[in-house]
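Encoded as structure tokens, the structure appears first; notes follow it.
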Amino acid sequence: MINYKFLIKTSLFWGVSEKEAEDMLKCLGAHTQKYLKDEVVFPIGKEIFEMGLVLEGSVNIVKEDVWGNRNIIDNIEVGQVFGEAYSCIRGEQLMGNVMAAENCEILFINAERVTKTCSSGCEFHSRLVHNLLSVISLQNLKLTRKINHITQKSTKDKVLSYLSYQAMKQGKYAFDVPFNRQEMADYLSVERSALSNELSGMQKEGLISYRKNHFVLHCGTEDYS
382 MINYKFLIKT SLFWGVSEKE AEDMLKCLGA HTQKYLKDEV VFPIGKEIFE MGLVLEGSVN
442 IVKEDVWGNR NIIDNIEVGQ VFGEAYSCIR GEQLMGNVMA AENCEILFIN AERVTKTCSS
502 GCEFHSRLVH NLLSVISLQN LKLTRKINHI TQKSTKDKVL SYLSYQAMKQ GKYAFDVPFN
562 RQEMADYLSV ERSALSNELS GMQKEGLISY RKNHFVLHCG TEDYS
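Position 27 (the sequence shown) corresponds to 408 in this note's numbering; numbering is contiguous.
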């Protein structure tokens, strides 16, 4: 059962009423599916025709080379969309696996039905196309932020860049990140041992404190936990 109150708050369905969203999903041939943690949602090399919207849980976009080196391109959280660019372009194959980062439920939407005006002439269809352009722009910004993190000169600078962004994004000095330690290393393109050493050193310096995926930044002002 889809929660339409939640759905219309997402970027893709922003500005659409619950009734419009319900009618829209029928028009778009939408369907839902549940996945267990680490299950593959879309495999690398696949040409896809649907985009996914995360209703519960989260997914990681993971690229792995023939030697097993793993890089997490992005983490897609509840309410966010993935596969929108690939599903709108014919002949393009996925460059990485889309995998369930935890147990999750995904709403799949036929991209062609989004980008082409439907025969019934839905008055809210153009709004969805506009929202899709916004979603694609937001994804580009996310990739730009990641490039900013991983192009820092040292592992410490990469970590500080990432944690600083998370603090600004969540509006507080104490926050959870969506990755375990190995996933965080894969996202920042560093060795796990190097990441652990830097985190330990930063904690000794009094810059941060942490436990698992919960971090607190110490910035010389009151720390909120």
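Note that the Cβ used here is the ideal one computed from N, Cα and C, for glycine as well. All values derive from a computational prediction rather than experimental measurement.
Exercise. When the Cβ atoms of the segment 409-429 are set against those of the segment 529-536, are three or more pairs found closer than 8 Å?
Worked result: Because the criterion of three Cβ pairs below 8 Å is not met, the segment 409-429 and the segment 529-536 do not touch.
For this session: Pull up the distance between the alpha-carbon of residue 538 and that of residue 411, whole angstroms please.
Result: Between residue 538 and residue 411, the C-alpha separation is close to 43 Å.
Problem set entry | Span separating the alpha-carbon of residue 551 from that of residue 456 | A direct Cα-to-Cα measurement between residue 551 and residue 456 gives close to 15 Å.
Exercise. Among 407, 598, 474 and 594, which residue has its Cα nearest to the Cα of residue 609?
Worked result: As displayed, the chain neither begins before 382 nor continues past 606, which places residue 609 out of reach and without an answer.
Exercise. Roughly how many angstroms separate the alpha carbons of residue 553 and residue 585, rounded to a whole number?
Worked result: Rounded to whole angstroms, residue 553 to residue 585 spans 21 Å at the Cα level.
For this session: Would you identify the three-state DSSP class for residue 606, choosing helix, strand or coil?
Result: For residue 606, the predicted structure reports a pLDDT of 46, less than 50, and the residue's modelled location is therefore unreliable. A value from the coordinates is still provided. Residue state, collapsed to three classes: coil.
For this session: Report yes if the C-beta distance between residue 428 and residue 494 is below 9 Å; otherwise report no.
Result: No; because the gap between Cβ atoms is not below 9 Å, this pair is not in contact.
Exercise. Got a sec, what are the start and stop residues for the alpha helix (DSSP H) residue 524 sits in?
Worked result: In the DSSP annotation of this structure, the continuous segment of the alpha helix (DSSP H) that includes residue 524 starts and ends at 506-531.
For this session: Let me know if residue 365 comes out buried or exposed under the rule of 16 or more other beta-carbons within 10 Å of its beta-carbon.
Result: Because the chain in this structure spans residues 382 to 606, residue 365 falls outside the shown range and cannot be described.
For this session: Could you pull the start and end residues of the alpha helix (DSSP H) that residue 548 belongs to?
Result: Here the alpha helix (DSSP H) through residue 548 covers 536-551.
Exercise. Thinking C-beta only, is residue 510 closer than 9 Å to residue 525?
Worked result: No, the Cβ-Cβ distance between residue 525 and residue 510 is not below 9 Å.
For this session: Just mark residue 446 as buried or exposed, buried being the case when its beta carbon has 16 or more other beta carbons within 10 Å.
Result: Exposed, because fewer than 16 other Cβ atoms sit within 10 Å of the Cβ of residue 446.
For this session: Could you check what DSSP says for residue 572 in three-state terms: helix, strand or coil?
Result: In the displayed model, residue 572 falls within coil according to three-state DSSP, outside both helix and strand.
Problem set entry | Nearest to residue 483 (by Cα), restricted to the options 490, 505, 459 and 464 | Of the candidates 490, 505, 459 and 464, the one whose C-alpha sits nearest the C-alpha of residue 483 is 459.
Exercise. Just curious, the beta strand (DSSP E) that residue 480 is in, first and last residue?
Worked result: Judged by DSSP secondary structure, residue 480 falls within the beta strand (DSSP E) whose first and last residues are 478-481.
For this session: Please report how far the alpha carbon of residue 391 lies from the alpha carbon of residue 461, in whole angstroms.
Result: If I take the Cα positions, the gap works out to 7 Å.
For this session: Name the residue from 514, 420 and 508 whose alpha carbon lies nearest to the alpha carbon of residue 397.
Result: Closest option to residue 397, Cα to Cα, is 508.
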